């Protein structure tokens, strides 16, 4: 048997191009349906888990799917902003807690999520290194952000300008990294968290600047009366919030009118949830309340439908591939008739020759099965990371 | 199409798939059927995998055990006093500002803010009191703005300077009077807000909280009657305040009060004296209310102008002696001297 395997190995090695093509074809035929099933089942479980863990989401009327994807997975398509008053409206109803989410800004490729401290308790995310957010201008990093950037407590992150040509727009804010969150195997690992008010500072709604009533600012003053001071545009506005200038930071106007992307709503029970949803049923209501589990189920319905088509296509391709492989093996055996006769003439029995040929086929199939197993494991382990970047791009 | 699909904003198109969702779902589904269909679906589904979420729920916080007292952090002493009176042994009210610091302008350290974050409730005064809370990261769900119920009755300070620069328009940095608790009627409303906030996490103590509130309201009503009795004896009496902190007291009792900016532990500048003399020419008050005992030199110089000094402690800080109620009773007795 050992000799038969040796001869089979020598043959496959000599015809390495044909062997590799065969292995690749058989591997793909096996991997596509198996890998797809693994992904689908894992995806469905994971998607349902995060959606089920998020009772309700409110946001400005529009696509429920975009609203949920942005709120749960921090996608690139930020929904139309909602007034912060809607967050306080939910909280003041006494029916639920509301956790604001503001995803307008990024730092490089990483989303910056402006939220309240309640988010970390809600998602059960602990700080693994450093400390929790305490003041304006601080941020904490998701585990993957810290790992890929090499940043940690004591470092700084600068928010990306939205447009270099928008001179009157939001300016970058240099934020101090005060903590790194524990890994949660969720999209929370891939984002930078800051206080909602810090995100509003990035948006230019809050700022800190020189004290215009101080004598040192005299050269900036265009007009000064008993009740008003008008300064020119050269007033230095701070792009970093420090202990020294923190007291000068302030917000303009009514905070109720400030924007958030959405809010996670956490009612204590089903009754409160139903009552709250009922309050947003009016036709003239500008705010949408959705159950992420329902929205994600509908998305899964779509994906599963598509999957059926893909599997059917894969089955057809598989049959064709196996047919071609059979043909290749058959033709190969015919072409190798003189080789088999030579083996018999030099003393090999017909059974031994058949064993050599069978070993070649089994070898190709075994390597293909092994490659399929490896690919499936890789899909299970790293597919998520690859597509996490894809979904946010 | 399933009902759930309809709810998610899907609509039938009949192009290859049974239906294609509008917006993102459409993009996802269509992408799955392109020439890279297999890989696309892999990517799309892996995206779902990437969304592996953790189970949600409320994190445990100090005081979550029903038997342990509810930990309540406040931003001023009056609020701590109210919480203690209402909550009794079911509440541990904490006001961590150092005793010598004015809580309105306190800048707590990160450690102090983290201590606030761990509290079961954080009781705010509102009216932009303790501006540090606007710059701190605090859990929204545990914040209690005790003056939210009377926002329309906030008083705007008249001594702030509005400024304009760049495209943001005119704005001010500190435009509201904030010593709301000096009006006993408003203090009562703040106390009720605290009672309501305590009841939510500790409904089993509802009756005890009601009893605590009733007792506190009784004392505040008595204080209100006393202030009213004193001030109504001479409603036209002119008064001065060393600092603009008595706006709500003045409104509640119709005090004819004008303010300067004298510090009790500093001698006023000559410019400040000049402003005072100008003020007295049109507002001939004979008494000045101080937050604390002024320097003897200041008191003497005021006496030369015919102005007597009396201490009316707003009691924002923990008093050296007594409590909020006894301080307010001392304030009433002190104020009575101006109305004799």
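Residue numbers (my numbering), protein chains in the order written: chain Y, 1 to 393; chain C, 1001 to 1340.
Even glycine gets a Cβ: it sits at the ideal position worked out from N, Cα and C.
All values derive from a computational prediction rather than experimental measurement.
Two segments are said to touch when three or more pairs of C-beta atoms, one from each, lie closer than 8 Å; by this definition the region 1231–1239 of chain C does not touch the region 1195–1208 of chain C. Cβ contact annotation for residue 1139/C (same chain, cutoff 7 Å, sequence separation greater than five): 1117, in chain order. For residue 1219/C, the enclosing alpha helix (DSSP H) begins and ends at 1206–1232.
Between residue 1310/C and residue 1291/C, the alpha-carbon positions lie close to 9 Å from each other.
At least one beta carbon of chain C lies nearer than 9 Å to the beta carbon of residue 178/Y. Judged by DSSP secondary structure, residue 273/Y falls outside any beta strand (DSSP E) and instead within the alpha helix (DSSP H) spanning 270–278.
At a Cβ-Cβ threshold of 9 Å, residue 1208/C and residue 1090/C count as neighbours.
At a beta-carbon threshold of 7 Å, the residues of chain Y lying near residue 1113/C are 134 and 135, ordered along the chain. Under a criterion of Cβ atoms nearer than 8 Å, no residue of chain Y is adjacent to residue 1228/C; the nearest Cβ is some 33 Å distant. Taken through DSSP and simplified to helix, strand or coil, residue 162/Y comes out as coil. Using a Cβ-Cβ cut-off of 8 Å, residue 1117/C is close to 117, 132 and 134 of chain Y, given in chain order.
Residue 378/Y is classed as exposed because its beta carbon has fewer than 16 other beta carbons within 10 Å across all chains shown. Minimum Cα-Cα distance from residue 308/Y among the listed residues 9/Y, 33/Y, 289/Y and 4/Y corresponds to 33/Y.
Rounded to whole angstroms, residue 258/Y and residue 1238/C show a C-alpha spacing of 43 Å. Residues of chain C whose Cβ lies closer than 9 Å to the Cβ of residue 249/Y are, in chain order, 1134 and 1135. Contact fails between the region 241–257 of chain Y and the region 63–78 of chain Y, because fewer than three Cβ pairs, one in each stretch, are under 8 Å apart.
Straight-line measurement puts the Cα of residue 1293/C at about 41 Å from the Cα of residue 201/Y. Contact annotation: the region 190–206 of chain Y touches the region 133–150 of chain Y, with at least three C-beta pairs closer than 8 Å. Put simply, the CB of residue 1302/C is far from chain Y, with every gap to its CB atoms at 9 Å or more. The residues 95 and 96, in chain order, have a CB closer than 7 Å to that of residue 272/Y in the same chain once the five nearest residues on each side in sequence are set aside. Here residue 209/Y is buried. Its C-beta has 16 or more other C-beta atoms within 10 Å. Contact fails between the region 80–91 of chain Y and the region 309–316 of chain Y, because fewer than three Cβ pairs, one in each stretch, are under 8 Å apart. Residue 138/Y has a beta carbon lying within less than 9 Å of a beta carbon in chain C.
Among the CB atoms of chain Y, one or more fall inside 9 Å of the CB of residue 1139/C. Residues 293 of the same chain have their beta carbon placed closer than 6 Å to that of residue 52/Y, with the five preceding and five following residues left out of the count.
The bridge partners DSSP lists for residue 206/Y are 251/Y. Under the three-pair Cβ rule at 8 Å, the region 1295–1304 of chain C does not count as touching the region 1316–1325 of chain C. Near chain C, meaning a CB-to-CB distance below 7 Å, the residues of the region 267–294 of chain Y are 294. Against chain Y, the CB of residue 1107/C has a partner CB under 9 Å away; the residue lies at that interface. Burial check for residue 1328/C: the Cβ neighbour count within 10 Å reaches 16 or more, so the residue is buried. Annotated three-state conformation of residue 29/Y is helix, per DSSP. Exposure of residue 1099/C is indicated by the presence of fewer than 16 other C-beta atoms within 10 angstroms of its C-beta. Unbroken beta strand (DSSP E) runs of no fewer than 3 residues, entirely contained in the region 36–71 of chain Y, are found at 56–60, following chain order. Listed along chain C are 1135, each with a C-beta nearer than 7 Å to that of residue 246/Y. The bridge partners DSSP lists for residue 111/Y are 106/Y. Contact with chain Y is found for residue 1110/C, since one of that chain's Cβ atoms lies less than 9 Å from the residue's Cβ.
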